[in-house]
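Asker: Protein chains in written order, with the numbering used here: chain A, 26 to 169; chain B, 26 to 169; chain C, 26 to 169; chain D, 26 to 169.
A single structure is presented below for examination.
4 protein chains.
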Amino acid sequence: MASHTHRQVEERIRDSFARQSMMASIGATIVSVESGRVTLTAPTGEGFRQQQGFAHAAVVFALGDSAAGYAALTMIPPEAEVMTVEMKINLLSPGEGCLVAEGRVLKGGRRLVVVAADVWAELDGGGRRHVAVLQGTMIPVDHR
Amino acid sequence: MASHTHRQVEERIRDSFARQSMMASIGATIVSVESGRVTLTAPTGEGFRQQQGFAHAAVVFALGDSAAGYAALTMIPPEAEVMTVEMKINLLSPGEGCLVAEGRVLKGGRRLVVVAADVWAELDGGGRRHVAVLQGTMIPVDHR
Amino acid sequence: MASHTHRQVEERIRDSFARQSMMASIGATIVSVESGRVTLTAPTGEGFRQQQGFAHAAVVFALGDSAAGYAALTMIPPEAEVMTVEMKINLLSPGEGCLVAEGRVLKGGRRLVVVAADVWAELDGGGRRHVAVLQGTMIPVDHR
Amino acid sequence: MASHTHRQVEERIRDSFARQSMMASIGATIVSVESGRVTLTAPTGEGFRQQQGFAHAAVVFALGDSAAGYAALTMIPPEAEVMTVEMKINLLSPGEGCLVAEGRVLKGGRRLVVVAADVWAELDGGGRRHVAVLQGTMIPVDHR
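The following block contains the structure:
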């Protein structure tokens, strides 16, 4: 992306992000935006746990799905938004601590965008554990 | 399920449900528990929306995944819990108003339980709209 | 579907089916065509087995995916075909004997059609065993 | 893998591969076997096409699922085999020419192995096109 375009894309994503109350509720923030690649992070909040105290699968899903959706948003015309058509998540290990989701575009397209995401738990002593992989489809929708 | 067993199963589910802070955060409640079939409901809360004001996909996922997981819990030994191995969601229409998730067991098993769920939006004028279908795998884990 | 339209839809499906060499190779035939619902069958052929002698997952997939795709075809304009965008299969038990796949439309649409399928093994002594469930997305494509 | 172990693993895979008549039927061969990573190839055979002449989704599935399954087989005890629990495929572009599937293990485990695969079409003029991505779960089964 050209520097100018990149700033516009990032603005669109920050604007959309700000309007998703779900992202604020789970305490998510944007780490980075590149063409076809977006990274988000969120803590394992008190209010979003499963019965054993780990991050609820839905929070891991929320973060991975959003990172993938915003990655798709970097690849489509500026007047469009994206919606999730379908998403598959495989949970690899319990989510805890600081969660980081890296979304990426596997295949762009005018009609559909195929995406993937990895979610990691950053460990206190350094290093990170692979928490989940997601694979899905986004559809551009004109929101005007 | 025998009446006595049924009460025990329902207690296990209400107990597990109470320990999932995610369920309280989204305002979810248990509608019904039958053998292999559990129904949950939640409003489309202010804090759980996507950028257009509809229920965030992650809330629809949370409700469907939990209904499916609790349906699996009705079919396994009392000392075990279940965790989501993987879950696929197809979103059919925007979620709004009162969401209702019906989880069911497709195939029980000692090692794995295959599950499905439907999520509906109950409409103000009566009737309901199909919001999502989920299909996935739960694994029994001994939590002692 | 009106009787006339129904005949046309069935002809389109039989025509498309005949052009799919994969269907002939696995010995598949059409059992029934209704609006939004198509049933196919195929034997567990010698050449399509996995290492234990059961039907290979790919044959179960082929039959379920095709039944779902043809179910979608009954719901779209006559000049279009459908292609599989994505498909998820959960295998419930080994496939053997006569396989029967029932595809159905969960949600029609101009841009995408969400589908599901069940695959059964018909048992020698009567009755049937649930072999697989599929859930996926078809996209109408204009083939002219 | 130690050199000796590696030869044993490769033998197990070649032995299992030879017993899968599906692999012979589609003309598949093993390209390479590494720890947690297996590559297979097959032509787009006459008998395995969809209605437009491209490789049928089920052949792309067969190759990707098998590459992923054999990748899992490199990571489990020698007396076990693996079976597909579930598999999700996203089709990115039409399959034609020589198909190559690269399977890999995302997360090993005693009870389940999470896998992924990419399927490519090798182009006549060099280069390759991304045909499909798969993400799924394998289960070790003792076949004695």
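Idealized CB from N, CA, C, for every residue including glycine.
#1: Once the 5 residues before and after A/LEU88 are set aside, which same chain residues still bring their CB inside 7 Å of it?
#2: Using only the alpha-carbon positions, how far apart do D/LEU98 and C/GLY120 sit?
#3: For C/ALA126, report the span of its beta strand (DSSP E) as first-last.
#4: For chain A, check one thing: does any of its Cβ atoms lie closer than 7 Å to the Cβ of C/THR109?
#5: Nearest-angstrom Cα distance between A/ALA27 and A/VAL34?
#6: Assuming D/VAL85 and A/LEU117 form a contact by the criterion Cβ under 8 Å, report the distance between their Cβ atoms to the nearest whole angstrom.
#7: Tell me, please, whether the stretch 38-52 of chain B touches the stretch 71-81 of chain A by the rule of three or more beta-carbon pairs shorter than 8 Å.
#8: Going along chain B, which residues have a C-beta under 7 Å from D/LEU159?
#9: Are the Cβ atoms of C/ALA96 and C/ARG136 separated by less than 7 Å?
#10: Give the DSSP-derived three-state secondary structure of A/HIS81 in the structure shown.
#11: Could you have a look at A/ALA27 and say whether DSSP puts it in helix, strand or coil?
#12: Report yes if the CB atom of D/GLU106 is closer than 7 Å to the CB atom of D/VAL166, and no otherwise.
#13: Any beta carbon from chain A within less than 7 Å of B/PHE73's own beta carbon?
#14: With a threshold of 16 other CB atoms inside 10 Å of the CB of B/THR30, please say whether the residue is buried or exposed.
#15: What are the boundary residues of the beta strand (DSSP E) that includes C/MET163?
#16: Determine the contact status of C/ASP90 and C/MET112, defining contact as a CB-CB distance below 7 Å.
#17: What does DSSP give as the partner residues of D/ALA62 in its beta bridges?
#18: Is there a Cβ from chain C that is less than 7 Å from the Cβ of A/THR162?
#19: Helix, strand or coil for D/MET100, going by three-state DSSP, please let me know.
#20: Note down the Cα distance separating C/ARG129 from A/LEU148, rounded to an integer number of angstroms.
#21: Quick one: what's C/LEU88 bridged to in DSSP?
#22: Would you call C/VAL158 buried or exposed, if buried means 16 or more other Cβ atoms sit within 10 Å of its Cβ?
#23: Report yes or no: is there a C-beta of chain A within less than 7 Å of the C-beta of B/ASP90?
#24: Is any beta-carbon of chain A found at less than 7 Å from that of B/LEU98?
#25: Given a limit of 9 Å on CB to CB distance, which residues of the stretch 111-135 of chain D reach chain B?
#26: Report back the beta-carbon spacing between B/ASN115 and C/THR69 to the nearest angstrom; my notes put them in contact at under 8 Å.
#27: In whole angstroms, what separates the C-alpha of D/ILE101 from that of D/LEU131?
#28: Could you name the residues of chain D that A/VAL84 contacts, counting a contact when the two beta carbons are closer than 9 Å?
#29: List, in chain order, every chain A residue whose beta-carbon is nearer than 9 Å to that of B/HIS155.
#30: Assuming D/ILE55 contacts D/ARG39 (C-beta within less than 8 Å), just tell me the rounded distance between them.
#31: Does any residue of chain A have a CB that is nearer than 7 Å to the CB of B/GLN76?
#32: CA-CA distance, C/THR146 and C/SER57?
#33: Nearest to C/GLY150 by CA position, among C/GLU59, C/GLY122, C/ALA49, is which residue?
Answerer: So, from the listed chains and residues:
#1: ALA53, LEU65, ALA67, LEU124, ALA126, VAL144
#2: 21 Å
#3: 123-132
#4: no
#5: For A/ALA27, the pLDDT reaches just 46, beneath the cut-off of 50, and the residue's location in the model is therefore unreliable, although a value from the coordinates is still provided. Distance between the alpha carbons of A/ALA27 and A/VAL34: 10 Å.
#6: Between A/LEU117 and D/VAL85 the Cβ distance is about 25 Å, and since that is not below 8 Å, they are no contact.
#7: yes
#8: Here the premise fails: no neighbours, minimum Cβ distance about 13 Å.
#9: no
#10: coil
#11: Caution applies to A/ALA27, whose pLDDT of 46 falls short of 50 and renders its modelled position unreliable; the value that the coordinates give is listed next. Of the three classes helix, strand and coil, the one that applies to A/ALA27 here is coil, per DSSP.
#12: yes
#13: yes
#14: exposed
#15: 153-167
#16: yes
#17: According to the sequence shown, residue 62 of chain D is Arg rather than Ala. Answer is D/GLU59, D/ARG129.
#18: yes
#19: coil
#20: 45 Å
#21: Paired residue(s): none; C/LEU88 is not in a bridge.
#22: buried
#23: yes
#24: no
#25: GLU111, LYS113
#26: Not quite, the Cβ-Cβ distance comes to about 29 Å (not below 8 Å), so this is no contact.
#27: 14 Å
#28: Going along chain D, no residue has its Cβ under 9 Å from A/VAL84, so there is no contact; the nearest lies around 19 Å.
#29: Going along chain A, no residue has its Cβ under 9 Å from B/HIS155, so there is no contact; the nearest lies around 14 Å.
#30: 7 Å
#31: yes
#32: Checking the sequence shown, residue 146 of chain C turns out to be Ala, not Thr. Answer to the nearest angstrom: the Cα atoms are 17 Å apart.
#33: C/GLY122
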